[in-house]
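Worksheet: the structure to be examined is printed underneath.
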Amino acid sequence: MITKAHDGLVGALNILFSKSNIGKVTLSEVTVEQWRSVQSIVLANEGTLKSEDGRLMGRLDLLVADLDENGSSKGWIVADLKTGNPPKQKLNEKVSRQLRFYRDLLKENNPDHPPVHAEGWYSSNQTVHRADGPSVLAEALEAWEGMRPTKTPLEPTPGEMQCGFCEWKAWCPSWWVARRDGLLPPGAMFRDEVVSTIRFDSESGAALFQRMPPVGDDGELAASDHRFGAILRDQALTQMQELIDSGYEGPIFLGSARVDGKIFHLGDWCEVLPWTPLLESIRE
Ligand code: SF4
């Protein structure tokens, strides 16, 4: 790990030296004067870039002067240090977009900028890859707009993988509908359920629940004759007790109950929450 970090540092420094027109030198032989000369081309490091309206932000590794053969600055280089695998030919689209994003933010914030270009510095083989192309700021703003919370939720895409550890099930009707439709397996050892309470003994934590299958797609429920017993302890018992104490009598979401034969066990690893399908934002 340390070796890799060390090699990365040496690789990046060698590229920096080449940009300062000093050429290849053994790092242990660098003079104070040479190091000062290298430092003089570094205009900023670890700089935060923010668009004027505050919507776009980026963090550039290095901004260095782009020197001509006489050592005079002819522009700026936005450099991003890369420790991953260097590209075989040209930068992949994502990396290119990232580098151009820094370049374009910098240009926007500095209207009097000299010529600017962006480069990925790959320390592992000490190669430099330039990111050319049109501005990406319009696309970035479009992406930002697309990430704003909307009144209606995104289209649900229930599936075993994504719903497995999703913590939004008490508010999402879709996984329960997918269970009804056989698109989601019930789970062999741990299971989520939506139930109504038939009996609950807060002393012992014993409960009798009735499964409430979905009707339609929006979280409405129906009664069923499927009943099962459960033992609640620790967090599950506390949450159940709080629901009862609050006067709540509606359906309940049981998250990650452990199935043991016909009995469900709920404890610290579980959630006992009111079933509250959210069909649109309730933000003020
Ligand atoms: S439970 Fe709902 S919100 Fe969570 S992953 Fe499944 S479909 Fe998406």
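Sequential numbering from 241 applies to the sequence shown in our numbering. Ideal Cβ positions, reconstructed from N, Cα and C, are used throughout, including at glycine. The structure presented is a predicted model; accordingly, all values stated were derived computationally and were not measured.
Length of the line joining the Cα atoms of residue i and residue j
| i | j | result |
| --- | --- | --- |
| Pro326 | Thr367 | 8 Å |
| Asp301 | Gly324 | 15 Å |
| Leu483 | Arg523 | 23 Å |
| Gly251 | Asp457 | 57 Å |
| Pro413 | Asp320 | 44 Å |
| Lys409 | Lys244 | 42 Å |
| Gly263 | Val270 | 11 Å |
| Thr392 | Leu518 | 9 Å |
| Thr266 | Val282 | 20 Å |
| Pro255 | Lys322 | It should be noted that the sequence gives Ile, not Pro, for residue 255. About 12 Å. |
First through last residue of the beta strand (DSSP E) which encompasses residue i
| i | result |
| --- | --- |
| Thr397 | Segment: none, Thr397 is in no beta strand (DSSP E) and carries neither H nor E. |
| Glu433 | Phe430 to Asp441 |
| Glu292 | Per DSSP, Glu292 belongs to no beta strand (DSSP E) and is neither H nor E. |
| Glu511 | Glu511 to Pro514 |
| Leu307 | Met297 to Leu307 |
| Trp361 | Val356 to Tyr362 |
N-terminal and C-terminal residue of the alpha helix (DSSP H) that residue i is part of
| i | result |
| --- | --- |
| Val417 | Ser414 to Arg420 |
| Lys347 | Glu333 to Asn349 |
| Gln450 | Not the alpha helix (DSSP H): Gln450 falls in the beta strand (DSSP E), residues Ala446 to Arg451. |
| Asp474 | Asp474 to Asp485 |
| Leu267 | Leu267 -> no alpha helix (DSSP H), and no H or E assigned at all. |
| Glu520 | First-last for Glu520: undefined, no H or E at that position. |
| Leu377 | Leu377 to Gly386 |
Residue i and residue j closer than 9 Å at C-beta
| i | j | result |
| --- | --- | --- |
| Val318 | Leu346 | yes |
| Glu359 | Leu377 | no |
| Val434 | Pro454 | yes |
| His353 | Asp306 | no |
| Ala447 | Ala463 | no |
| Trp416 | Thr516 | no |
Any chain E beta carbon closer than 9 Å to residue i
| i | result |
| --- | --- |
| Val270 | The chain labelled as chain E is not found in the depicted structure, where only one protein chain is given. |
Go through the residues and name those whose CB comes closer than 5 Å to any heavy atom of ligand 1, in chain order.
-> Pro396, Pro398, Gln402, Cys403, Cys406, Trp408, Lys409, Cys412, Ser414 and Trp415
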